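*Asks:*
Pasting the structure below:
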């Protein structure tokens, strides 16, 4: 039971880091990436359907995303859905494919994005610290209920802290990497 606390702590922290990674994928870096369109839902026969289920997405170059619909008649709906998603891009279609040009980011916009990234990272760190607190509370409860000894409690708290430090370091590394992507012109 005592080992469960550390394992649960580790799993929860890992989930939070994966959530942070998912958040990072949605951040525009000035380069074309099909993950930018992940949240776009197209009205497909009356049902909101993820864009990647009604079309093929590709990036022929660093500044363009092309969306080739499986059915040509859905091209207008795809274009409307991309505009409605409010991603700061202006799609165009030539009757066969929708092209989404990715405009270059201004210096000011890059700094805003970095500021947002730091906020996302801080939220993730707070979540990890909260997981640490919950895990330590569980250890204290087990100590109070005499399920574990004081030595075990100290060892478990040290292990939880070790995982906390490791996961926060991972967040910092991923933040730094994404910052470089955003600031690179």
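Numbering (this note's numbering), first residue to last: 10 to 194. All C-beta atoms, glycine included, are put in the ideal place defined by N, C-alpha and C. No experiment lies behind these values; they were computed from the predicted model shown.
Quick check: residue 123 and residue 192, are their CB atoms within less than 8 Å of each other?
*Replies:* Residue 123 sits at position 114 when you count from the first residue of the chain shown. Residue 192 sits at position 183 when you count from the first residue of the chain shown. It is a contact, given that the beta carbons lie within the stated cut-off.
*Asks:* State yes or no: is the C-beta of residue 51 within less than 8 Å of the C-beta of residue 77?
*Replies:* For the purposes of this step, residue 51 is taken as residue 42 along the chain shown, with counting starting at 1. For the purposes of this step, residue 77 is taken as residue 68 along the chain shown, with counting starting at 1. No, the Cβ-Cβ distance between residue 51 and residue 77 is not below 8 Å.
*Asks:* So residue 74 and residue 96 are supposed to be a Cβ contact under 8 Å. How far apart are they, rounded?
*Replies:* Taking the first residue of the chain shown as 1, we reach residue 74 at position 65. Taking the first residue of the chain shown as 1, we reach residue 96 at position 87. Residue 74 to residue 96, Cβ: 10 Å. No contact.
*Asks:* Can you give the beta carbon distance from residue 26 to residue 148, rounded, assuming they're within the 8 Å contact cut?
*Replies:* Locating residue 26 in the chain shown gives position 17, where the first residue counts as 1. Locating residue 148 in the chain shown gives position 139, where the first residue counts as 1. Actually they are not in contact, since the Cβ atoms of residue 26 and residue 148 sit about 22 Å apart, beyond 8 Å.
*Asks:* Under a three-way DSSP split, which group does residue 77 fall into?
*Replies:* For the purposes of this step, residue 77 is taken as the residue at position 68 of the chain shown. In the structure shown, residue 77 sits in a strand (DSSP, three-state: E or B).
*Asks:* Taking the straight line between their C-alpha atoms, what separation do you get for residue 62 and residue 185?
*Replies:* Here residue 62 corresponds to residue number 53 of the chain shown, with the count starting at 1. Here residue 185 corresponds to residue number 176 of the chain shown, with the count starting at 1. Answer to the nearest angstrom: the Cα atoms are 33 Å apart.
*Asks:* How far does the alpha helix (DSSP H) with residue 66 in it extend, from its first residue to its last?
*Replies:* Within the chain shown, numbered from 1, the residue matching residue 66 stands at position 57. Not the alpha helix (DSSP H): residue 66 falls in the beta strand (DSSP E), residues 64–70.
*Asks:* Go to residue 51, then tell me how far its beta strand (DSSP E) extends in each direction, as first and last residue.
*Replies:* One-based indexing of the chain shown puts residue 51 at position 42. Unbroken beta strand (DSSP E) run through residue 51: 50–53.
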